[in-house]
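Chains as they are written, first to last, in the working numbering: chain A, 549 to 979; chain B, 549 to 979.
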């Protein structure tokens with residue numbers, strides 16, 4: 549049986565939502581990476597009975613229990629005594645920790661250690677302190693029955709993260725022979741819904757999940773679906789099983805896949821394509837209102853491949869700044885193929901970019917017209933033909949449309965993603 | 549005894565840390581606000597036994613148990629059957645839900661409902677569906693023994709939030725006589741940090757907190773600090789105590805306060821000011837890259853008061869599209885008072901708007917120059933003088949600057965908020 553961990557996060561501010569529990573996610577990743585995935589997480593307030601109960605339950609589910617928070621110097625900080633009680637141990641005041649706390653306070657110009665801080669030198673019997681380079685509360689490593697371990701870490705994220713190195717070191721010692729490496733890979737897709745993707749993946753794998761222990765997880769967002777394949781190492785064949793799974797799913801996801809190892813965002817893939825080829829992009833946005841260009845420029849270094857754009861929200865901006873033909877606007881309406889094309893061409897010429905995307909649509913809740921329900925969007929991708937002068941004719945532009953589901957925000961996000969996806973595909977074609 | 553709630557969030561991606569559990573914090577705030585604070589939170593993977601055990605334990609701790617996640621259409625989605633088992637109820641397929649799902653899929657152009665989606669029409673016996681305006685998974689309200697209730701909500705944050713209105717409505721019905729009335733008001737501020745605001749508020753209240761049971765909470769975000777004053781009703785004097793507190797804090801927050809009862813966003817206040825006076829706004833953005841205009845257009849009906857803008861990320865776009873003087877750019881640099889002013893004037897003239905804001909800065913991590921560290925931002929607000937022709941001279945423009953702390957995202961958000969705050973103040977002055 550593989551090792552499992554459990555997390556107990558402590559603090560009323562987590563329950564009330566005043567603080568988002570970012571430690572829990574960080575620990576989840578760190579523990580998975582260590583090969584001790586998290587089985588369950590408990591979040592409790594600053595109360596001895598709830599902390600004690602959660603730690604006892606966690607010890608039934610997992611070999612490694614990580615408790616964060618409640619190690620401060622105030623009366624509210626209950627983790628040390630509650631864990632001591634859960635393990636049936638007394639709290640001993642550690643003279644070396646008292647001395648370290650006193651040195652720390654003297655070093656910061658205080659004459660004496662506040663008495664409340666003495667609590668931070670208390671250790672459940674049998675436990676070992678893990679020095680905290682960034683704060684007063686040491687971490688604690690407490691061996692429990694049956695080879696289990698309870699680790700206490702401060703709730704301040706930067707202190708907790710700094711202490712985790714010491715935890716990792718001890719985990720590798722303690723559980724060395726039982727740590728199974730997990731082979732995994734996440735594949736990013738866009739343009740195919742989970743309900744269509746999942747049966748195709750299942751068919752492609754043809755039972756590999758049960759035959760070779762390959763786990764498949766789908767992580768859907770408005771912009772696409774991430775597919776995570778993982779195999780726990782058992783008999784030395786884990787890496788090979790993962791490789792087989794990747795081979796089988798590859799043809800299914802090829803038209804939808806993009807590579808974004810850092811961020812998981814399609815913008816990363818587009819930025820790489822543009823950067824490698826020295827191409828510069830511009831945007832012309834109507835219904836997305838600047839959202840696509842904000843997303844592009846959220847990426848540091850965007851100035852290397854992004855020139856800027858025009859938010860042509862009002863039709864007057866479409867005609868006067870982008871040069872869309874007012875007759876075409878009147879005849880076809882702002883949400884139409886020719887207007888999308890003229891917007892992309894217009895911003896290309898205005899900015900001197902190498903390529904451009906445009907988006908015009910009805911994000912709702914109002915604005916629907918006959919034949920164009922809320923969610924109707926046209927977008928276009930324009931490329932300056934190589935070696936031609938943009939002021940002359942050499943622009944090639946292709947448009948597409950869809951009716952996107954969801955509310956205003958969802959339509960805007962989906963519309964931006966669709967335009968970026970077409971840009972990504974056309975950059976691939978032209979590679 | 550007051551009512552308590554418990555939260556169970558479901559999903560392997562939460563345990564592995566692939567996703568930060570933002571739903572849990574949001575629900576914590578919403579439930580506290582309703583008067584049913586959260587007593588404990590459980591996070592479990594997509595496994596029937598863990599979901600079932602967590603729900604049973606939650607029911608021992610709380611009258612209201614909210615479960616999020618695991619309501620999707622795939623085999624991985626285990627919440628419905630696990631909760632049915634925890635409550636000892638069979639799952640019934642609800643024909644009305646099947647019909648609604650079929651209609652939704654037809655509306656999106658699919659001929660038939662994928663069979664997997666039929667699972668989303670299953671309801672533990674005795675439960676009631678809560679329609680989901682933003683997705684296929686309905687919420688479920690399931691009365692349990694002893695007046696307890698289990699509520700199932702989808703894990704997609706925007707769907708969960710949209711469904712919470714229906715939950716709140718039913719909670720108020722179900723627990724009416726046990727909910728303590730709380731008088732409260734939230735005041736929105738921007739432009740003053742919590743560390744400066746809090747002592748001034750305490751001084752202004754002069755002990756009213758203890759004398760009359762007024763609770764003060766600060767909810768800081770990058771865009772400002774919300775101040776929440778609340779008084780639990782005890783002896784019929786709650787409303788009066790709240791009114792006294794509001795009178796006392798009003799002079800402190802007056803320069804920073806804005807009114808945004810629907811969204812809490814300064815954009816709401818600016819939209820109201822512009823809409824009431826029939827003024828139309830344009831934007832010229834460099835370092836914010838379209839983020840301000842995306843924020844403005846996130847508001848439905850923005851076309852009544854927003855014309856559009858130019859994302860002048862590259863200097864060539866500043867000069868060629870906005871008409872910034874290249875000599876001024878070279879002499880003062882892109883992040884400077886004259887360039888901010890010329891950007892705002894330029895977009896005002898280009899679009900024919902009544903007022904405009906511009907932002908130019910160094911969002912980082914790179915880009916710092918001597919005398920202009922990362923975080924340096926100049927912004928400007930321009931108004932067409934009433935009765936003048938914008939093509940001629942009548943533009944009045946004022947600029948300001950700051951060095952904002954934080955990473956790229958924080959600098960961009962703070963810069964946009966600062967420009968909107970100055971627009972808000974100048975619209976107030978001109979009222």
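From the three backbone atoms N, C-alpha and C, an ideal C-beta is built for every residue, glycine too.
Under 8 Å from the C-beta of residue i: neighbouring residues of chain A
| i | result |
| --- | --- |
| residue 728 of chain B | What residue 728 of chain B touches in chain A: nothing, since even the nearest Cβ is about 16 Å away. |
| residue 909 of chain B | Residues of chain A passing the Cβ test: none, with the nearest at roughly 12 Å. |
| residue 869 of chain B | 856, 858, 869, 898, 899 |
| residue 957 of chain B | 846 |
Collapsed DSSP secondary structure at residue i in the structure displayed
| i | result |
| --- | --- |
| residue 912 of chain A | coil |
| residue 697 of chain A | strand |
| residue 653 of chain B | helix |
| residue 728 of chain B | coil |
| residue 591 of chain A | strand |
| residue 536 of chain A | There is simply no residue 536 of chain A to check, as chain A begins at 549 and stops at 979 in what is shown. |
| residue 597 of chain A | helix |
| residue 581 of chain B | helix |
| residue 586 of chain B | strand |
| residue 801 of chain B | helix |
| residue 642 of chain A | coil |
| residue 833 of chain B | strand |
| residue 741 of chain A | coil |
| residue 691 of chain A | strand |
| residue 945 of chain A | strand |
| residue 712 of chain A | helix |
| residue 870 of chain B | coil |
| residue 574 of chain A | helix |
| residue 851 of chain A | helix |
| residue 1014 of chain A | What is shown of chain A runs 549 to 979, which leaves residue 1014 of chain A out entirely. |
Any C-beta of chain A under 8 Å from that of residue i
| i | result |
| --- | --- |
| residue 842 of chain B | yes |
| residue 862 of chain B | yes |
| residue 563 of chain B | yes |
| residue 576 of chain B | yes |
| residue 560 of chain B | yes |
| residue 573 of chain B | yes |
| residue 670 of chain B | no |
| residue 569 of chain B | yes |
| residue 773 of chain B | no |
Min CB distance residue i to chain B below 8 Å
| i | result |
| --- | --- |
| residue 590 of chain A | yes |
| residue 979 of chain A | no |
| residue 897 of chain A | no |
| residue 809 of chain A | no |
| residue 713 of chain A | no |
| residue 787 of chain A | no |
| residue 793 of chain A | no |
Chain A contact residues for residue i, given Cβ-Cβ distances below 7 Å
| i | result |
| --- | --- |
| residue 900 of chain B | 864 |
| residue 826 of chain B | In chain order: nothing, as chain A lies at least about 14 Å away. |
| residue 854 of chain B | 861 |
| residue 680 of chain B | Those within 7 Å of residue 680 of chain B in chain A number zero; the least Cβ separation is about 11 Å. |
Under 8 Å from the C-beta of residue i: neighbouring residues of chain B
| i | result |
| --- | --- |
| residue 594 of chain A | Ordered by position in chain B, no residue passes the 8 Å Cβ test against residue 594 of chain A, which lies about 12 Å from the chain. |
| residue 783 of chain A | Those do not exist, as residue 783 of chain A stays about 24 Å from chain B at its closest Cβ, beyond 8 Å. |
| residue 873 of chain A | Residues of chain B passing the Cβ test: none, with the nearest at roughly 18 Å. |
Under 7 Å by beta carbon: chain B residues contacting residue i
| i | result |
| --- | --- |
| residue 953 of chain A | 656 |
| residue 710 of chain A | The premise fails here: residue 710 of chain A is roughly 18 Å from chain B at the closest Cβ pair, so nothing lies under 7 Å. |
| residue 743 of chain A | 621, 662, 664, 665 |
| residue 984 of chain A | Because chain A here runs from 549 to 979, residue 984 of chain A falls outside it and cannot be looked at. |
| residue 948 of chain A | Chain B residues near residue 948 of chain A: none, gap ~15 Å exceeds 7 Å. |
Any non-hydrogen atom of the ligand ADP within 7 Å of residue i CB
| i | result |
| --- | --- |
| residue 726 of chain A | What this structure holds is no ligand at all, so the ligand ADP is not there to describe. |
Within chain A, the residues that residue i reaches when beta carbons sit closer than 9 Å
| i | result |
| --- | --- |
| residue 760 of chain B | Those do not exist, as residue 760 of chain B stays about 23 Å from chain A at its closest Cβ, beyond 9 Å. |
| residue 800 of chain B | The contacting residues do not exist; residue 800 of chain B stays about 22 Å from chain A at best. |
Chain B residues whose Cβ lies nearer than 9 Å to that of residue i
| i | result |
| --- | --- |
| residue 766 of chain A | 620, 622, 624 |
| residue 598 of chain A | 587, 588, 609 |
**Prompt:** Of all the beta strand (DSSP E) runs that stay within the bounds of the segment 753-794 of chain B, which reach a length of 3 or more residues?
**Reply:** 762-769, 772-780
**Request:** Could you run through the segment 611-626 of chain B and flag, in chain order, every residue whose CB is less than 8 Å away from some CB of chain A?
**Result:** 620, 621, 622, 624
**Item:** Residues of the segment 686-706 of chain A whose Cβ lies closer than 7 Å to any Cβ of chain B, in chain order
**Value:** none
**Prompt:** Can you list the beta strand (DSSP E) stretches of 3 or more residues lying completely in the segment 654-679 of chain B, in chain order?
**Reply:** 670-672, 676-678
**Item:** Ordered list of alpha helix (DSSP H) runs contained in the segment 597-635 of chain B, each at least 4 residues
**Value:** 627-634
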